[in-house]
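J.: If you want our numbering, it's the position in the sequence shown, counting the first as 1, plus 12.
All residues carry an ideal CB built from backbone N, CA and C; glycine is no exception.
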Amino acid sequence: MLTAFFLEASFLGVMLFGWNRVSRKMHFASTLIVAGGTLVSAFWILSVNSWMQTPQGFRMGEHGLLYPTQWLQIIFNPSFPYRFMHMVTAAYLTTAFVVGGIGAYYLWRKLHVSHARVMLGMAMIMAVFVAPFQLVLGDLHGLNTFKHQPAKVAAMEGIWETERGAALKLFGWPDQEQEKTKYAIEIPKLSSLILTHDLDGEVKGLKEWPKDERPPVAWVFWSFRIMVGVGILMILTGVFAVVLFFCKRLFDTRWFQFWCMALTPAGFIAVIAGWCVTEIGRQPYVVQGVIRTAESVSPVAGPHIALSLLAFIVTYLFVFGAGSYYILRLIANGPTPEGEAYGDHGVDEPPLVTDLVSETGGEDV
Ligand code: HEM
Numbered sequence: 013m014l015t016a017f018f019l020e021a022s023f024l025g026v027m028l029f030g031w032n033r034v035s036r037k038m039h040f041a042s043t044l045i046v047a048g049g050t051l052v053s054a055f056w057i058l059s060v061n062s063w064m065q066t067p068q069g070f071r072m073g074e075h076g077l078l079y080p081t082q083w084l085q086i087i088f089n090p091s092f093p094y095r096f097m098h099m100v101t102a103a104y105l106t107t108a109f110v111v112g113g114i115g116a117y118y119l120w121r122k123l124h125v126s127h128a129r130v131m132l133g134m135a136m137i138m139a140v141f142v143a144p145f146q147l148v149l150g151d152l153h154g155l156n157t158f159k160h161q162p163a164k165v166a167a168m169e170g171i172w173e174t175e176r177g178a179a180l181k182l183f184g185w186p187d188q189e190q191e192k193t194k195y196a197i198e199i200p201k202l203s204s205l206i207l208t209h210d211l212d213g214e215v216k217g218l219k220e221w222p223k224d225e226r227p228p229v230a231w232v233f234w235s236f237r238i239m240v241g242v243g244i245l246m247i248l249t250g251v252f253a254v255v256l257f258f259c260k261r262l263f264d265t266r267w268f269q270f271w272c273m274a275l276t277p278a279g280f281i282a283v284i285a286g287w288c289v290t291e292i293g294r295q296p297y298v299v300q301g302v303i304r305t306a307e308s309v310s311p312v313a314g315p316h317i318a319l320s321l322l323a324f325i326v327t328y329l330f331v332f333g334a335g336s337y338y339i340l341r342l343i344a345n346g347p348t349p350e351g352e353a354y355g356d357h358g359v360d361e362p363p364l365v366t367d368l369v370s371e372t373g374g375e376d377v
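(1) So if DSSP puts threonine 193 in a beta bridge, which residue, or which two residues, is it bridged to?
(2) Alpha carbon to alpha carbon, what distance is there between arginine 33 and alanine 353?
(3) Based on the DSSP output, what are the partners of tyrosine 117 in its beta bridges?
(4) Work out the CA separation of threonine 43 and glycine 355 for me, nearest whole Å.
(5) Please report the distance separating the alpha-carbon of isoleucine 45 from that of valine 26.
(6) Please report how far the alpha carbon of phenylalanine 233 lies from the alpha carbon of phenylalanine 280, in whole angstroms.
(7) For glutamate 173, which of helix, strand or coil comes out of DSSP?
(8) Under 8 Å, with one C-beta from each stretch per pair, do the segment 181–193 and the segment 223–243 reach the 3-pair mark?
(9) Using only the alpha-carbon positions, how far apart do glycine 112 and tyrosine 94 sit?
(10) What are the boundary residues of the beta strand (DSSP E) that includes methionine 72?
(11) Nearest to methionine 72 by alpha carbon, out of Arg341, Gly301, Pro315?
(12) Cβ of leucine 84 within 7 Å of any heavy atom in the ligand HEM?
(13) So, is proline 80 buried or exposed, given that buried needs 16 or more other C-beta atoms within 10 angstroms?
(14) Could you check what DSSP says for valine 299 in three-state terms: helix, strand or coil?
(15) Across the segment 307–324 and the segment 241–254, are there enough close Cβ pairs to call them in contact, namely three or more that are closer than 8 Å?
(16) Quick check on the burial criterion: 16 or more other C-beta atoms within 10 angstroms. Buried or exposed for arginine 121?
(17) Does the contact criterion of 3 or more C-beta pairs under 8 Å hold for the segment 135–146 versus the segment 191–208?
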């Protein structure tokens, strides 16, 4: 894990700031190393998180302490392969929509046109092939959750009573007090069909679990709809792209450029919504069925927690703010014309980290 972090951190520097300082081959190799390092980090982070959703390979000792008994079972726990594939695909899609959105912005403003066509074109290849693949992965992921965390799925679906031939609620308002989903717009039997592959399959409702074993339903229900909604918009983008490509209008259709610009943050929204489904859906447990969130509260005084939270907020605001500022400046400057290096014919250099640090009042690095 540490190796992966160091690989990412060191070579990200070469990738971001080394374009004019290292050879093309070295730059490409650094990019591959960053991608590889990130995959390794994702592997371990998602393995740990998945274990908290579908724990196995441990024994409970005295005083509620958990001891590992089977490391392979712990690492490759039942939800891990689905979560790993779904999250990594989510990251690629998120990036694709950012690149596509910026490409569309350049085309809209008639800037850096040859680069912009490549950017939009590559993003649309991802939208055409990878967005539908994410739907399939998401479906398989949901089936695995249905097997291991059925209360989470009941919350995603807003289903309270155990029923056969359960309808799919497109929208509605889950009311935790009254134990029903109000104003539901439904498609009959579809939930059973998706979850059990049988029109009359049984889906367990939330009332199967005592009230203090149910997650906050409205959060899970709505986050799920936001994630899937964005997924559908991404698939739709791919469909539009194919149609426009065959009409030879992919790169000069104004409304489509606007659509792609509007979807620039779509991946981030879906990822945050997805994590809300996963983490809020596991409540009231921090390790599903084993440790309750309330039991895992540390015996640390409130003001100490508040102080470390404040330190996190300030650090992240600074790091995130500086990173966003740097990336926005890169976007504003745009790529170099093909075959030219920065500095040729008055092509603006992208900002260097040193510029950034001196502008923000820091020391040279
Ligand atoms: C298109 C239809 C989609 C379906 C059916 C779907 C399905 C699911 C399900 C069932 C979960 C929760 C699993 C669990 O907690 O056990 C989940 C989580 C998640 N989804 Fe989706 N998803 C879809 C689209 C997307 C898209 C487009 C993105 C992002 C670009 C995304 C990102 C995530 C993330 C980051 C999580 C949390 C991590 C995880 O548990 O995998 N999803 N998704």
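T.: Judging by the given coordinates:
(1) Looking up residue 193 in the sequence shown gives position 181. Paired residue(s): Pro186.
(2) Within the sequence shown, numbered from 1, the residue matching residue 353 stands at position 341. Within the sequence shown, numbered from 1, the residue matching residue 33 stands at position 21. Its pLDDT being 46, under 50, alanine 353 is placed unreliably in this model, and the value from its coordinates should be taken loosely. If you take the alpha carbons of alanine 353 and arginine 33, they lie about 11 Å apart.
(3) Position 105 of the sequence shown, counted from the start, is the residue given in the question as residue 117. According to DSSP, tyrosine 117 bridges with nothing at all.
(4) Indexing the sequence shown from 1 puts residue 355 at position 343. Indexing the sequence shown from 1 puts residue 43 at position 31. At glycine 355, the pLDDT of 45 sits below 50, so the modelled position is not reliable; the number obtained from the coordinates is stated separately. One C-alpha to the other measures close to 23 Å.
(5) If you number the sequence shown from 1, residue 45 lands on position 33. If you number the sequence shown from 1, residue 26 lands on position 14. If you take the alpha carbons of isoleucine 45 and valine 26, they lie about 10 Å apart.
(6) The count along the sequence shown starts at 1 and reaches residue 233 at position 221. The count along the sequence shown starts at 1 and reaches residue 280 at position 268. One C-alpha to the other measures close to 18 Å.
(7) Taking the sequence shown and counting its residues from 1, one reaches residue 173 at position 161. In this structure, glutamate 173 counts as coil in the three-state DSSP scheme.
(8) yes
(9) The residue given as residue 112 occupies position 100 in the sequence shown. The residue given as residue 94 occupies position 82 in the sequence shown. Those two C-alpha atoms are separated by around 26 Å.
(10) Sequence index remark: in the sequence shown, residue 72 carries index 60 (1-based). Note, methionine 72: beta strand (DSSP E), 70–72.
(11) Locating residue 72 in the sequence shown gives position 60, counting from the first residue. Nearest option by C-alpha distance: Gly301.
(12) The sequence position of residue 84 within the sequence shown is 72, counting from 1. Answer for leucine 84: no, Cβ out of range of the ligand HEM.
(13) Working through the sequence shown from its first residue, we reach residue 80 at position 68. With fewer than 16 Cβ atoms within 10 Å of its Cβ, proline 80 is classed as exposed.
(14) On the sequence shown, residue 299 is found 287 positions in, with the first residue counted as 1. Valine 299: strand per DSSP, three-state reduction.
(15) no
(16) Position 109 of the sequence shown holds residue 121. Per the 10 Å Cβ criterion, exposed.
(17) no
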